[in-house]
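Visitor: Could you have a look at this structure, given as structure tokens, before my questions?
In our numbering, the protein residues as written are 9 to 66.
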């Protein structure tokens with residue numbers, strides 16, 4: 009993982025991170041919790057776009 013990826017990963021893992029919340033808002037449409045199972049639903053297109061941005065970011 010390059011330096012940008014490491015920095016981004018660290019910022020996403022910070023509790024209460026505004027960056028992490030923004031990413032979730034972009035990528036996740038719905039979270040359903042039943043008993044001990046959580047299901048996250050979102051757009052593959054949004055995820056692919058986000059991964060493309062991370063891959064090519066300076």
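For each residue, glycine too, the CB sits at the ideal point set by N, CA and C. Computed from a prediction, not measured in an experiment: that's the story for all the values here.
Starting from residue 49, trace the beta strand (DSSP E) in both directions and tell me its first and last residue.
Guide: That run of the beta strand (DSSP E) goes 45 to 50.
Visitor: Please report the distance separating the alpha-carbon of residue 20 from that of residue 27.
Guide: Spanning the two alpha carbons is a distance of roughly 6 Å.
Visitor: Helix, strand or coil, according to DSSP, for residue 40 in the structure here?
Guide: If DSSP states are grouped into helix, strand and coil, residue 40 belongs with the strands.
Visitor: So, for residue 25: in the same chain, excluding its five sequence neighbours on each side, which residues have a beta-carbon less than 8 Å away from its beta-carbon?
Guide: Hits under 8 Å: 19.
Visitor: Mind checking which residues open and close the alpha helix (DSSP H) that includes residue 30?
Guide: From DSSP, the alpha helix (DSSP H) with residue 30 extends over 26 to 35.
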